[in-house]
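These notes concern the structure reproduced below.
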Amino acid sequence: MLSPLLANLLLDDLDKELERRGHRFVRYADDGNIYVRSRRAGERVMASVTRFLARRLKLTVSQAKSAVDRPSNRKLLGFTFTACRRSRRKVSEKALRAFKAKVREMTGRTRGRTMRQIVTETRKYLLGWKGYFGFAEVTSPLRDLDKWIRRRLRSYHWKQWGRRGYRELRKRGISRDLAWNTAKSAHGPWRLSQSPALAIALPARYFAALGLPSLVED
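Taking the numbering used here, the leading residue of the sequence shown gets 4, the next gets one more, and so forth.
Given below as structure tokens:
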């Protein structure tokens, strides 16, 4: 494996060769994809590029990490493509799982931080992630993440309120019966985080006012 700097120096010749051949490709350091129209073309290009790297640059292609496959089955730098005829960029499932793991860590219900502190910390991560993955053309997974984050924060709020849950709901305009049924529910914070009472008491605009950004431009 080459360092990113060394890879960019050594593989500049490969970039020029691919451009000369008219191939569509993307490369970062020693990781890259080349896009062709068919599997037969892919196998031909894979063989010729492997020979080029071996003869011209004295580099060996990793057979374990390389393959001829559909774009939707491959990922690069956290992105992949849809499987439809008109392929569109989307965030890979692996990147989405990593995102959710990080947010779970930051919004854990036992952290003992105020909601404003949690949102402030989470905001920094979300803005950085959005700055990178906002390049995606498929936005439905990002909208789902927005909803999931707000649910995490409602769950955190409910856990913090504890026995004050009924009073906090009433202060936020929830009817007596709905607030009482929610406060006395046997369900835990995560289940209640999608209840009507918490959705009304803690709407999206509440979190936006605290500074929580959306992952999708409106």
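Built from N, CA and C at the ideal position, the CB exists for glycine as well. Remember, predicted model here, so these are calculated numbers, not experimental data.
Asked                                                                                                        : Found
Closer than 8 angstroms to chain C by CB, R24                                                                : The chain inventory of the structure shown lacks chain C, comprising one protein chain alone.
Alpha-carbon spacing of R30 relative to A211, whole angstroms                                                : 37 angstroms
Reference R157, options D149, W193, W183, closest by Cα                                                      : W193
Which residues DSSP lists as bridging N36, in chain order                                                    : V29
N-terminal and C-terminal residue of the alpha helix (DSSP H) that K162 is part of                           : 143-164
F82 in three-state terms, based on DSSP                                                                      : strand
Classification of A200 by the beta-carbon crowding that lies within 10 angstroms, buried from 16 upward      : buried
Beta-carbon gap between S188 and W161 smaller than 8 angstroms                                               : no
S95 burial status per 10 Å Cβ neighbour count (16 or more: buried)                                           : buried
Buried/exposed call for E140, threshold 16 Cβ in 10 Å                                                        : exposed
K127 classed as buried or exposed, judged by whether at least 16 other C-beta atoms fall within 10 angstroms : exposed
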